[in-house]
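K.L.:
Chains A and B, in that order, give the protein sequences. Each residue of the first sequence is one higher than the last, beginning at 24 in the working numbering. Each residue of the second sequence is one higher than the last, beginning at 24 in the working numbering. We put the beta carbon where it would ideally sit given N, CA and C, even for glycine.
Number of protein chains: 2
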Amino acid sequence: MKHTRIKELLDSNEFGKEFIVKGWVKTFRNNQFLAINDGSCLSNLQIVIGINEFEDQQVKKLHTGAAIAVKGILTESQGKGQRVELKATCLEILGESDPDKFPLQPKKHSLEFLREIAHLRFRTTTFNAIFKVRNALAFAVHQFFNERGFVYIHTPIITGSDAEGAGEMFQVTTLDLDQPARNDKGEIDYKEDFFGKQTNLTVSGQLEGELAAMALGNIYTFGPTFRAENSNTTRHLAEFWMIEPEMAFYDNNDNMDLAEELLKYVIKYALETCPDEIEFLKNRQAEEDKKKPQNERAAMNLTEKLEFCLLNDFERISYTEAIEILKRSKPNQKKQFKYLIDGWGVDLQSEHERYLVEKHFKKPVILSDYPADIKAFYMRQNEVDEQGRKTVAAMDILFPGIGEIVGGSQREERYDVLTKRMDEMNIPQHEMDWFLDTRRFGTAPHAGFGLGFERLVLFVTGMTNIRDVIPFPRFPKSAEF
Amino acid sequence: MKHTRIKELLDSNEFGKEFIVKGWVKTFRNNQFLAINDGSCLSNLQIVIGINEFEDQQVKKLHTGAAIAVKGILTESQGKGQRVELKATCLEILGESDPDKFPLQPKKHSLEFLREIAHLRFRTTTFNAIFKVRNALAFAVHQFFNERGFVYIHTPIITGSDAEGAGEMFQVTTLDLDQPARNDKGEIDYKEDFFGKQTNLTVSGQLEGELAAMALGNIYTFGPTFRAENSNTTRHLAEFWMIEPEMAFYDNNDNMDLAEELLKYVIKYALETCPDEIEFLKNRQAEEDKKKPQNERAAMNLTEKLEFCLLNDFERISYTEAIEILKRSKPNQKKQFKYLIDGWGVDLQSEHERYLVEKHFKKPVILSDYPADIKAFYMRQNEVDEQGRKTVAAMDILFPGIGEIVGGSQREERYDVLTKRMDEMNIPQHEMDWFLDTRRFGTAPHAGFGLGFERLVLFVTGMTNIRDVIPFPRFPKSAEF
Chain A
24 MKHTRIKELL DSNEFGKEFI VKGWVKTFRN NQFLAINDGS CLSNLQIVIG INEFEDQQVK
84 KLHTGAAIAV KGILTESQGK GQRVELKATC LEILGESDPD KFPLQPKKHS LEFLREIAHL
144 RFRTTTFNAI FKVRNALAFA VHQFFNERGF VYIHTPIITG SDAEGAGEMF QVTTLDLDQP
204 ARNDKGEIDY KEDFFGKQTN LTVSGQLEGE LAAMALGNIY TFGPTFRAEN SNTTRHLAEF
264 WMIEPEMAFY DNNDNMDLAE ELLKYVIKYA LETCPDEIEF LKNRQAEEDK KKPQNERAAM
324 NLTEKLEFCL LNDFERISYT EAIEILKRSK PNQKKQFKYL IDGWGVDLQS EHERYLVEKH
384 FKKPVILSDY PADIKAFYMR QNEVDEQGRK TVAAMDILFP GIGEIVGGSQ REERYDVLTK
444 RMDEMNIPQH EMDWFLDTRR FGTAPHAGFG LGFERLVLFV TGMTNIRDVI PFPRFPKSAE
504 F
Chain B
24 MKHTRIKELL DSNEFGKEFI VKGWVKTFRN NQFLAINDGS CLSNLQIVIG INEFEDQQVK
84 KLHTGAAIAV KGILTESQGK GQRVELKATC LEILGESDPD KFPLQPKKHS LEFLREIAHL
144 RFRTTTFNAI FKVRNALAFA VHQFFNERGF VYIHTPIITG SDAEGAGEMF QVTTLDLDQP
204 ARNDKGEIDY KEDFFGKQTN LTVSGQLEGE LAAMALGNIY TFGPTFRAEN SNTTRHLAEF
264 WMIEPEMAFY DNNDNMDLAE ELLKYVIKYA LETCPDEIEF LKNRQAEEDK KKPQNERAAM
324 NLTEKLEFCL LNDFERISYT EAIEILKRSK PNQKKQFKYL IDGWGVDLQS EHERYLVEKH
384 FKKPVILSDY PADIKAFYMR QNEVDEQGRK TVAAMDILFP GIGEIVGGSQ REERYDVLTK
444 RMDEMNIPQH EMDWFLDTRR FGTAPHAGFG LGFERLVLFV TGMTNIRDVI PFPRFPKSAE
504 F
């Protein structure tokens, strides 16, 4: 007889029928009421253990964390809090859990403590909910692009190019660090390394994604990317997952349309498929908020915040317009911003982005057409404006609480303009010959963007530390498990 | 006016309506018939260019590979080979393609040549088909697990553990290779490295996957894995993608059921959603086969081979039974095997696996219960048999042409048995304490398997070199693009 998953059983009406369930003990009350969970849903199944029906030796082992198999009869529950329960007829302890040693007791543990036992935190309700939402969002991403005929492309993780300059990179090598091969000049001899040259972990799949888009039309990547930056913050990881769609024949407006559609699609999918998880996380956040001073509390609860993004058309304004709004804004006039806005050309800080979204427009904002000098070489240059300002067809999407969640642009497809820009920025053309081939042969307007997956999960779960939304976070001085 | 993708237009019946299409020129015949492709499907759209209706200068630029935008009227085609065509009313060259320089001319190029221009090979029909099938298989994997309530887990790419010993690893470091930090003893000082210890690229997400399964029940991974092995073959990559499901409360039979179901599901999905691509690849393979001597040709064409896997129940036999069959087999008796089978305990070679599948059973085969000595430490030990032979509850799925496509096992959940085995194999327990915690607290039977994604794509596309089924292959001395 096969076992039935608890999620199925909780929805079942087959009262009087016998089932086997397997799972882990969450609590055991009054030597009679056992709550078990098998990971299939957030809710536990209540199992009723008839008094004196089982051997004492077995009952004594029903500690939190123990794995058990139970055969029993499904019945309507008389108690509060559950519709069904299982009257146990047969009980087997699969794996014990010594209550003096098992770190997860039925009480509230701090997130800091749980991070240290990331291999066990999956067993808490909070992390069960987080990783279910993460799973739903990942699937929604694939489904969104699949429905629209996009091709999922696996861009390389190990790369020999470091031209994008998006950040510090990790080196990948099979050389003996103690005694690396050296050439005649005494330099490290990368010809002897595995790939015959120096290689790194990728910081972005965009450039390779463009190669595919200039043939397959619409593509997306969804893979790990890396930054070797010494940032010990709640917002940065050394290893994180990115979604990077790239579309031939799209301009920057098409790009914004797609990004807005994607964000709404995946948030809606999470709300629809994880109602219990999001309800739990909403309540969790509300409780956390109570501990904070009034002015630090979230303006919206989790579901309100998610619906805020679903129900509003994202406001689209140019960087130049945003600077005007920010200059005239109260916090700028009253010098409440940490970084005061006094002119065109500066990069926006999180406080400015949040002001635009949360105070000024009260809806998600898409900022476009940033100064060329603060953006990457591959972004398409706009016509110089009347004031002689150089901008690029970039676009960033700003969300409440979190600031930038998407960054993208139309790409510079004009060979001459692109190579001139590369020269200005000291990017060696000969190393990027393969990339330039897309501009040499059948070049065409195209655009794309990047969505940091953990940022998205952070937003949808209402968590505040990015280390809590990826199973095993990597950050400076930590690569545990 | 937005452009319409060619796939849509080829299915349209809106004759007489005006459309815009954008794509790349494949061929231009008689200064009149233009075939263009935008990556949305394998088929090209025929565009009719009225003679003398367009400027000579434009028409002269309609070379293979040029990107163009065309406005025109959809009409029923009078010619053979297509149902619809577009009568051009307006023509714009977006990006030229110099026929003296563009490497992809409308003729057959060798796969070897195309591997050297992997950034452009997406533009060939063959690679368009391959990457569409790859995309379909990836989506099918996610959909299969999503429908069954599995949780997609992103296991870490950078890992501090090298306990599995599945192969040579790549080191990940931010130390200066030329002058790495050293400690008092003159040894490399990994405390100064980014993660404060030596780290590598993962060879498998299984161990971390087990941690998640022992809480969330059923999980799967789908991510990149790495081997720094100096294997310059058509079957090995240094960077490849793996799917690794892990299921709590599954025994090895449940494991086989799931793996068989998964393989059939994804193959069926590819056949249903990529009929044109698979037809094209079938014909391609048939043409390749014609060049080979009779005895090297495939016994089945591509669709026959795929249906062979769909329609047959996979044969399930033990390693011990397989050895008996192989010992008595003709090629063994006639000494035609390169590696003769003369006793129990040896590992099977590809020739043996293929004999079992293609000659003996004529169906996919699941081999189980391998000798413990040739398998990994984490596989569950069976009862010692009457001959005193030690086996483990492993299972490998063997496919025609390709040999092993899936490898898995029930996991050793018994703490004492596992730690004893680790000691025997010199695997340091203290480095694996987190892994052993799953056996200390609420341990339970569980099982899982690994499916090499590129092996699967190789099988379903009928290609013969694994470097042709991943966009940018990484192998010894090569990390291009």
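1. Name the chain B residues whose beta carbon is nearer than 9 Å to that of Gly219 of chain A?
2. Using the Cα positions of Arg52 of chain A and Lys305 of chain A, report the straight-line distance between them to the nearest angstrom.
3. At a CB-CB cut-off below 9 Å, which residues of chain A make contact with Ser63 of chain B?
4. Quick one: grab the DSSP three-state call for Pro247 of chain B.
5. So which residues on chain B does Pro298 of chain A lean against when the C-beta distance must stay under 9 Å?
6. Output the distance between the C-alpha atoms of Ile450 of chain B and Asp201 of chain A, rounded to the nearest integer angstrom.
7. Any Cβ of chain A within less than 8 Å of the Cβ of Glu327 of chain B?
8. Could you have a look at Val492 of chain B and say whether DSSP puts it in helix, strand or coil?
9. What does the alpha-carbon distance come out to for the pair Asp123 of chain B and His142 of chain B?
10. For the stretch 458–481 of chain A, which residues have a CB atom closer than 9 Å to at least one CB atom of chain B, in sequence order?
11. Identify which residue in B:Arg462, B:Phe472 and B:Val492 has its Cα closest to the Cα of Leu117 of chain A.
12. I need the straight-line Cα distance from Phe193 of chain B to Tyr213 of chain A, nearest angstrom please.
13. Beta-carbon separation of Tyr273 of chain B and Phe167 of chain B under 8 Å?
14. Tell me the rounded alpha-carbon separation between Asp61 of chain A and Gly172 of chain B.
15. Could you pull the start and end residues of the alpha helix (DSSP H) that Ser373 of chain B belongs to?
16. If you draw a straight line from the alpha carbon of Ile397 of chain B to that of Val226 of chain B, how long is it in whole angstroms?
17. Assign Cys297 of chain B to one of two classes, buried (16 or more other C-beta atoms within 10 Å of its C-beta) or exposed (fewer than that).
18. Of all the residues that make up the stretch 181–208 of chain A, which are near chain B by a beta-carbon distance shorter than 8 Å?
19. In terms of residues, what are the limits of the beta strand (DSSP E) holding Pro394 of chain B?
20. Going straight from the alpha carbon of Ser254 of chain B to that of Thr197 of chain A, what length do you get?
21. Please report the distance separating the alpha-carbon of Asp336 of chain A from that of Glu295 of chain A.
22. With DSSP collapsed to three states, give me the class of Asn151 of chain B.
23. For Tyr292 of chain B, go through chain A and note every residue whose CB falls closer than 9 Å to its CB, in chain order.
24. Helix or strand or just coil, what does DSSP make of Tyr401 of chain B?
25. Taking 8 Å as the threshold (beta carbon to beta carbon), is Arg52 of chain A in contact with chain B?
26. Are the stretch 472–484 of chain B and the stretch 263–272 of chain B touching by the rule of at least three beta carbon pairs closer than 8 Å?
27. Need the endpoints of the beta strand (DSSP E) that Lys313 of chain A sits in, please.
28. Hey, is the stretch 38–51 of chain A in contact with the stretch 100–119 of chain A, meaning 3+ C-beta pairs nearer than 8 Å?
29. So the candidates are A:Lys49, A:Glu31 and A:Phe245; which of them puts its Cα closest to the Cα of Arg146 of chain A?
30. Against Phe422 of chain B, what residues of chain A qualify as contacts under a CB-to-CB distance less than 7 Å, listed in chain order?
31. Looking only at C-alpha atoms, which of A:Ile140, A:Phe162 and A:Gln308 sits nearest to Phe504 of chain A?
32. Tell me which residue opens and which closes the alpha helix (DSSP H) that Phe458 of chain B is part of.
33. Given a cut-off of 8 Å, decide if Leu68 of chain A and Ile29 of chain A are closer than it, judged by their beta-carbon atoms.
34. Tell me which same chain residues have a C-beta within less than 8 Å of the C-beta of Met323 of chain A, skipping the five on either side of it?
35. Can you confirm whether Leu57 of chain A, when its beta carbon is compared against all beta carbons of chain B, has any partner nearer than 8 Å?
36. Within 8 Å of any Cβ in chain B, is that where the Cβ of Phe360 of chain A sits?
P.N.:
In terms of the structure at hand:
1. Taking the first residue of the first sequence as 1, we reach residue 219 of chain A at position 196. Chain B residues near Gly219 of chain A: Pro499, Lys500, Ser501 and Ala502.
2. For the purposes of this step, residue 52 of chain A is identified with residue 29 of the first sequence, where counting begins at 1. For the purposes of this step, residue 305 of chain A is identified with residue 282 of the first sequence, where counting begins at 1. The straight-line gap from Cα to Cα measures roughly 27 Å.
3. Mapped onto the second sequence, residue 63 of chain B falls at position 40. Those are Gly172, Leu239, Gly240 and Asn241, listed as they occur along chain A.
4. Along the second sequence, one-based indexing puts residue 247 of chain B at 224. Correct three-state label for Pro247 of chain B: strand.
5. Taking the first residue of the first sequence as position 1, residue 298 of chain A is located at position 275. Correct list: empty, because the minimum Cβ distance to chain B is about 15 Å.
6. Start at 1 with the first residue of the second sequence, and residue 450 of chain B comes out as number 427. Start at 1 with the first residue of the first sequence, and residue 201 of chain A comes out as number 178. Cα to Cα, Ile450 of chain B sits roughly 24 Å from Asp201 of chain A.
7. Start at 1 with the first residue of the second sequence, and residue 327 of chain B comes out as number 304. Taking Cβ atoms only, chain A never reaches closer than 8 Å to Glu327 of chain B, which makes this a no.
8. Walking along the second sequence from the start, residue 492 of chain B turns up at place 469. Of the three classes helix, strand and coil, the one that applies to Val492 of chain B here is coil, per DSSP.
9. To locate residue 123 of chain B, count along the second sequence from 1; it is residue 100. To locate residue 142 of chain B, count along the second sequence from 1; it is residue 119. For Asp123 of chain B and His142 of chain B, the distance between alpha carbons rounds to 18 Å.
10. Phe458, Asp460, Thr461, Arg462, Arg463, Phe464, Gly465, Thr466, Ala467, Pro468 and Phe476
11. Reading the first sequence from its first residue, position 94 is the one you call residue 117 of chain A. Comparing Cα-Cα distances from Leu117 of chain A to each of B:Arg462, B:Phe472 and B:Val492, the minimum goes to B:Arg462.
12. In the second sequence, residue 193 of chain B corresponds to position 170, counting from 1. In the first sequence, residue 213 of chain A corresponds to position 190, counting from 1. Straight-line Cα distance between these residues: approximately 14 Å.
13. Your numbering for residue 273 of chain B matches position 250 in the second sequence. Your numbering for residue 167 of chain B matches position 144 in the second sequence. Not in contact: Tyr273 of chain B and Phe167 of chain B (Cβ atoms no closer than 8 Å).
14. Taking the first sequence and counting its residues from 1, the one referred to as residue 61 of chain A is at position 38. Taking the second sequence and counting its residues from 1, the one referred to as residue 172 of chain B is at position 149. C-alpha separation (whole angstroms): 12 Å.
15. Taking the first residue of the second sequence as 1, we reach residue 373 of chain B at position 350. Ser373 to Arg377 is the extent of the alpha helix (DSSP H) around Ser373 of chain B.
16. As a working mapping, residue 397 of chain B is identified with position 374 in the second sequence. As a working mapping, residue 226 of chain B is identified with position 203 in the second sequence. Going from the Cα of Ile397 of chain B to the Cα of Val226 of chain B covers about 18 Å.
17. Here residue 297 of chain B refers to the residue found at position 274 when the second sequence is read from its first residue. Cys297 of chain B is buried by the Cβ-count criterion.
18. Ile181, Thr182, Gly183, Ser184, Glu191, Phe193, Gln194, Val195, Thr196, Thr197, Leu198, Leu200, Asp201 and Pro203
19. For the purposes of this step, residue 394 of chain B is taken as residue 371 along the second sequence, with counting starting at 1. Segment Val388 to Pro394, the beta strand (DSSP E) holding Pro394 of chain B.
20. In the second sequence, the residue the question calls residue 254 of chain B occupies position 231. In the first sequence, the residue the question calls residue 197 of chain A occupies position 174. For Ser254 of chain B and Thr197 of chain A, the distance between alpha carbons rounds to 14 Å.
21. In the first sequence, counting from the first residue as 1, residue 336 of chain A sits at position 313. In the first sequence, counting from the first residue as 1, residue 295 of chain A sits at position 272. Cα to Cα, Asp336 of chain A sits roughly 20 Å from Glu295 of chain A.
22. Counting from one through the second sequence, the residue named residue 151 of chain B turns up at place 128. The answer is helix: DSSP assigns Asn151 of chain B an H, G or I state.
23. On the second sequence, residue 292 of chain B is found 269 positions in, with the first residue counted as 1. Chain A residues near Tyr292 of chain B: none, gap ~11 Å exceeds 9 Å.
24. Position 378 of the second sequence, counted from the first residue, corresponds to residue 401 of chain B. Coil, per DSSP.
25. The residue given as residue 52 of chain A occupies position 29 in the first sequence. So no, Arg52 of chain A is outside the interface.
26. yes
27. Here residue 313 of chain A refers to the residue found at position 290 of the first sequence. From DSSP, Lys313 of chain A is part of no beta strand (DSSP E) but of the alpha helix (DSSP H) over Pro298 to Lys313.
28. yes
29. Looking up residue 146 of chain A in the first sequence gives position 123. Cα-wise, what sits closest to Arg146 of chain A is A:Lys49.
30. By 1-based counting over the second sequence, the position of residue 422 of chain B is 399. What Phe422 of chain B touches in chain A: nothing, since even the nearest Cβ is about 22 Å away.
31. Position 481 of the first sequence, counting from 1, holds the residue named residue 504 of chain A. Nearest option by C-alpha distance: A:Ile140.
32. The count along the second sequence starts at 1 and reaches residue 458 of chain B at position 435. Here the alpha helix (DSSP H) through Phe458 of chain B covers Asp456 to Arg463.
33. One-based indexing of the first sequence puts residue 29 of chain A at position 6. One-based indexing of the first sequence puts residue 68 of chain A at position 45. Against a cut-off of 8 Å, the Cβ pair of Leu68 of chain A and Ile29 of chain A comes out as a contact.
34. In the first sequence, residue 323 of chain A corresponds to position 300, counting from 1. Closer than 8 Å at Cβ, skipping near neighbours: Phe331 and Pro423.
35. Within the first sequence, numbered from 1, the residue matching residue 57 of chain A stands at position 34. No - not a single Cβ of chain B is within 8 Å of the one on Leu57 of chain A.
36. In the first sequence, counting from the first residue as 1, residue 360 of chain A sits at position 337. Phe360 of chain A does not count as touching chain B.
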